[in-house]
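Trainee: Here the sequence shown is numbered in our numbering, starting from 46 and rising by one per residue.
All C-beta atoms, glycine included, are put in the ideal place defined by N, C-alpha and C.
Questions regarding the structure given below will be posed in turn.
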Amino acid sequence: MRIMFVCLGNICRSPTAHAIAETIGKQRGDNYVISSSGTSAYHIGQSPDPRSVHCGLSRGYNLNHIRAQKLEVQDFYTQDYILTMDQQNYLDAKEIMPDDAHAKLMRLMEFHPDSSVNDVPDPYYGGTKGFDKVVSLCEVAITNLFNELGSVKS
Ligand code: 4NP
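Here's what the structure looks like:
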């Protein structure tokens with residue numbers, strides 16, 4: 046099962062979700078193939094934002110191996126799930142989604158148990174609290190996502 050998380054820059058929210066999914070998946074003994082990307086080309090090749098790296102590490106998630114890449118049309122054929130961090134990311138991804146896509150395109154927060162939570166707010170222009178909130182929202186939604194998907198061995 047291949048899962049790609051998508052935000053705007055692929056340096057804050059989606060690499061955080063990426064690292065959390067890798068860690069929780071490993072803890073569960075599942076074998077998901079996790080990746081992440083951005084709808085923009087702004088940060089291609091860059092490491093995650095140091096604020097996301099620091100915040101992730103403080104909660105047990107390592108983002109250091111992740112490098113920003115852009116969401117490409119090809120990803121809709123190779124991924125099983127493409128999960129966006131907010132509604133704008135969803136609309137931008139849908140714009141390039143081919144008619145015969147294999148991947149299911151959804152917002153990650155569709156898996157959050159609080160149905161009033163729709164988006165992972167962009168922390169880029171805010172303070173530390175925003176980065177912490179990204180981790181908390183993603184932890185809950187990804188745990189639920191994996192429970193729904195069940196134990197996957199390939
Ligand atoms: P992300 O955050 O989409 O969570 O990676 C952002 C990163 C960079 C920018 C905006 C949002 N930017 O405008 O450069």
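1. Name the one or two DSSP bridge partners that D47 has.
2. Just checking H88 against ligand 1 - is the residue's beta carbon closer than 7 Å to any of the ligand's heavy atoms?
3. Between the segment 107-122 and the segment 82-95, do at least 3 Cβ pairs fall closer than 8 Å?
4. Grab the span of the alpha helix (DSSP H) containing Y122 for me, first residue to last.
5. Hey, could you find the ends of the beta strand (DSSP E) Y170 is sitting in?
6. Rounded to whole angstroms, what's the CA-CA distance from N76 to K149? Just pull it up for me.
7. Starting from the Cα of Q119, find the closest Cα among L190, S85, H147 and P158 and give me that residue.
8. Mapping the DSSP letters down to three states, classify M154 as helix, strand or coil.
9. So what does DSSP say about G90, is it helix, strand or coil?
10. Answer yes or no: the CB of Y169 versus the heavy atoms of ligand 1, is any distance below 7 Å?
11. How would you label Y122, buried or exposed, when you count the other beta carbons within 10 angstroms and need 16 or more for buried?
12. Look up T129 in the DSSP assignment and give the residues it is bridged to.
13. Does the Cβ of I56 lie closer than 7 Å to at least one heavy atom of ligand 1?
14. With DSSP as the reference, label G83 as helix, strand or coil.
Mentor: Reading it off the structure:
1. Correcting the residue identity first, residue 47 is Arg in this sequence and not Asp. Paired residues: V78.
2. yes
3. yes
4. D120 to T123
5. Y170 -> no beta strand (DSSP E), and no H or E assigned at all.
6. 19 Å
7. H147
8. helix
9. coil
10. yes
11. exposed
12. V51 and R152
13. yes
14. strand
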